[in-house]
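I have placed the structure first, in the form of structure tokens, so that the comments after it can refer back to it.
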Amino acid sequence: EVQKKWDEMKVFECDAGEASDEKFMVTFPYPYMNGMLHIGHAYSLTKAVFAAHFNRLLGKKVLFPFGFHCTGMPIQAAANKLTRDYAVYGKPYPTFP
């Protein structure tokens, strides 16, 4: 219901505006797994999201491009690290509540 309302109001859509419009751009480094997830991932992304939304509330035209790194090398490095860690420490399978 809420998402339908957002779609109708085009809340997350923005045009380039006029040349005289004040603009704001924020970027975030390409997200990829090169190790275990930690709170720093969320912290860094949260700062960028907050800045984008805050500046949009101020009436600026905001560009927040978000992409993904697709070469596969970071995930291969993470897989190799896990293989080495499993060989040394065993496989600590997670338990979920």
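Numbering (the working numbering), first residue to last: 85 to 181.
We put the beta carbon where it would ideally sit given N, CA and C, even for glycine.
To the nearest angstrom, how far is the alpha carbon of residue i from that of residue j?
| i | j | result |
| --- | --- | --- |
| Ala103 | Phe150 | 23 Å |
| His135 | Ala171 | Sequence inspection shows Ala at residue 135; the His mentioned does not correspond to that position. Looking at the two C-alpha atoms, the distance is approximately 43 Å. |
| Tyr177 | Leu129 | 28 Å |
| Lys175 | Gly124 | 24 Å |
| Asp91 | Thr167 | 44 Å |
| Ala163 | His122 | 17 Å |
Tell me, please, which residues DSSP counts as bridged to residue i.
| i | result |
| --- | --- |
| Lys145 | Lys107 |
According to the Cβ coordinates, are residue i and residue j closer than 8 Å?
| i | j | result |
| --- | --- | --- |
| Ala100 | Lys144 | no |
| Leu147 | Met93 | no |
| Leu126 | Phe112 | As written in the sequence, residue 126 is Ala, which differs from the Leu given in the question. The answer is no: Cβ separation not under 8 Å. |
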